[in-house]
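Residue numbers for the sequence shown follow this note's numbering, beginning at 284 and rising by one.
A virtual CB, placed ideally from N, CA and C, is assigned to each residue, including glycine.
None of these values were measured; they are calculated from a predicted model.
Presented below is the structure to which this report refers.
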Amino acid sequence: MIKKLRKQLTALYTITTGLILTAVVIGVLAASTRDARQKSLENFQNNILNIAARIQAGTTIDWTWLSKMENSGDLIIHIEDNGTPFLYSGSWTPLTARSVLLERAREQALSEGINTSVPPVSSSLLRSSVFTIAGDQNDHYYASALVFPSQNGFQSLILLSYQNPAASGLYKQRFFLLFLEAAGLAALFTVSWFFVGRSLKPIEMSRKKQNEFIAAASHELRSPLSVIRSSLSAIPAAPDRQEQFLKNIDNECCRMSHLINDMLLLASADAGSWSFRPEPLDVDTLLIETYECFEPICLEKNLKLSLDLPESSLPHIMGDKHRLLQVLTILLDNALTYSPAGGTIRISAALNEKKSSLILAVEDEGCGIPDEIKKHIFERFYRADDSRTGKQHYGLGLSIAKELVSLHGGTISVTDSSIGGARFLIRLPVK
């Protein structure tokens, strides 16, 4: 599913940005084409003025000059004197026959009232507009016709200019821009694939953890269900042990209830619907009440519980008493499980040097936690022994503790205890 989503998002981003890039390329091409045409039109009009001025001045016009002019601007020059064409066949061969192009230019000029075959009715110069003539080979030309009086009658000029895309550099520019666009699309695809992958990585990790959580929860639920089923099956075969089997069923039901409650708590944390009622909290009182609650339990297990508080009262913090008591209960419950008989469990509290945070500590004399797995113990269903055979804990308690501490804007960590076991540190902000 993640791979499919990555492909879809990459395609969406590439297409979206590709459309923008294409629009920019089209805009550049349009502007370049417009500028090239404008420049070509200006050159054509300058050529009209130069040739017309030379004709009107009576300067000698020979084949050499005409050939030079035509070759310099892809021109077709047709001059008539009193309706008689100059004996000049042109210096280059256009794609469409010269005669065909000249005839089309005459017709267009005639439609504007300019007849190059008859003398003008006035002594002023007659000139058509600049128009475009299309050839038979998809070739295009600027054209214009002029008729002006002379001493011996009249002269006319029909001038065409071939619009050669290759000569204007438009073909090269188009291919270059198309290459840039293709390269840009490839780069956009690569970048989109990379960044979409990075963006989806947390989702993929979350999904993986969710699957692992479901698998682990299924594993943990399977054990008590197996015991319940086995006990129920054994009751008819051994009715004299019915009380023991019923007790086993009750214990396993309690275990399942505890596991399901923990899972619901974590689900609430993931959904952001965990109830949290902060209020000014007296930490001294909270720790003393916790100590008094766990001292009898420690005595039953032949463990010593100590409470170390500073001489001056600890500052009040904003917190949920029930949630913080839940965190301390999880840590003390772990300490009770892993501490050997005759050991000591210590609860302590102090302010940091800057007095900006309150540090609560729970440490024991248990087996400790190796450095390489300290970073994993707050993961769901993780236990230091990684065997999942113990029935006291499911590996959810520390995950719940972490979520609850984060809810208070604090952090929880673990270090080696000075008395030989593990030392859990809760850092809460002082406001």
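Quick check on the burial criterion: 16 or more other C-beta atoms within 10 angstroms. Buried or exposed for residue 417? exposed
Identified DSSP bridge partners for residue 601: Residue 601 is bridged to 563.
By DSSP, does residue 578 sit in helix, in strand, or in coil? helix
Going by the DSSP bridge assignment, what does residue 368 pair with across the sheet? 363
Identity of the residues DSSP links to residue 444 by a beta bridge: 358, 425
Return the chain-ordered list of same chain residues with a C-beta closer than 8 Å to the C-beta of residue 304, the five sequence neighbours on each side being excluded. 464, 467, 468, 471
Which value, in whole angstroms, describes the spacing of the CA atoms of residue 600 and residue 622? 31 Å
DSSP puts residue 643 in a beta bridge; with which residues? 632, 709
Using 10 angstroms around the beta-carbon of residue 482, count the other beta-carbons present and answer buried if the total reaches 16, otherwise exposed. exposed
Taking Cβ to Cβ, would you say residue 625 is nearer than 8 Å to residue 704? The answer is no: Cβ separation not under 8 Å.
When the Cα of residue 339 is compared with those of 407, 627, 327, 644, which residue comes out closest? 407
Which class does residue 290 belong to by DSSP, given the choice of helix, strand or coil? helix
Cβ shell of residue 346 (< 7 Å), same chain only, five flanking positions each side left out: These residues qualify, in order along the chain: 371.
Identify which residue in 396, 462, 445 has its Cα closest to the Cα of residue 258. Outside the modelled stretch of the chain, which goes from 284 to 714, sits residue 258, for which no answer is possible.
For residue 521 and residue 633, I'd like the C-alpha separation in whole angstroms. Each residue's Cα considered, the two are about 58 Å apart.
If you count every other CB in all the chains shown that lies within 10 Å of the CB of residue 497, and 16 or more means buried, which is it? exposed
Which listed residue (504, 576, 433) has its alpha carbon closest to that of residue 536: 504
Spatially closest choice to residue 533 from 566, 510, 546, 524, by CA coordinates: 510
Determine the DSSP secondary structure at residue 285, reduced to helix, strand or coil. helix
N-terminal and C-terminal residue of the beta strand (DSSP E) that residue 417 is part of: 414–417
Considering only their Cβ atoms, is the gap separating residue 443 from residue 334 smaller than 8 Å? The answer is no: Cβ separation not under 8 Å.
For residue 381, which residues of its own chain have a beta-carbon under 7 Å away from its beta-carbon, when the five flanking residues on both sides are left out? 359, 373
If you check the beta carbons only, do residue 630 and residue 573 fall under 8 Å apart? yes
Use the C-beta contact count for residue 685: other C-beta atoms within 10 angstroms, 16 or more gives buried, fewer gives exposed. Answer is buried; the Cβ neighbour count reaches 16.
If you compare alpha carbons, which of 702, 528, 661, 531 is closest to residue 687? 661
Neighbourhood of residue 384 by C-beta distance below 7 Å, restricted to the same chain and skipping five residues each side: 359, 377, 416, 418, 424, 443
Burial state of residue 547, where buried means 16 or more other Cβ atoms lie within 10 Å: exposed
Considering only DSSP beta bridges, list what residue 587 is partnered with. For residue 587, which the question treats as bridged, DSSP gives the partners 627.
Buried or exposed: which applies to residue 389, given that a residue is buried once 16 or more other Cβ atoms fall within 10 Å of its Cβ? The residue in question, residue 389, is buried, as its Cβ has 16 or more Cβ neighbours within 10 Å.
Could you check if residue 458 belongs to the surroundings of the ligand COA, using beta carbon to heavy atom distance under 7 Å? Questions concerning the ligand COA fall outside what the structure shown contains, since it holds no ligand whatsoever.
Alpha helix (DSSP H) containing residue 394: first to last residue? The continuous alpha helix (DSSP H) containing residue 394 extends over residues 381–394.
Would you kindly work out how many angstroms separate the C-alpha atoms of residue 501 and residue 643, rounded to a whole number? 34 Å
Residue 490 and residue 309 - do their beta-carbons sit closer together than 8 Å? no
Tell me the DSSP secondary structure of residue 339 in three-state form. The answer is helix: DSSP assigns residue 339 an H, G or I state.
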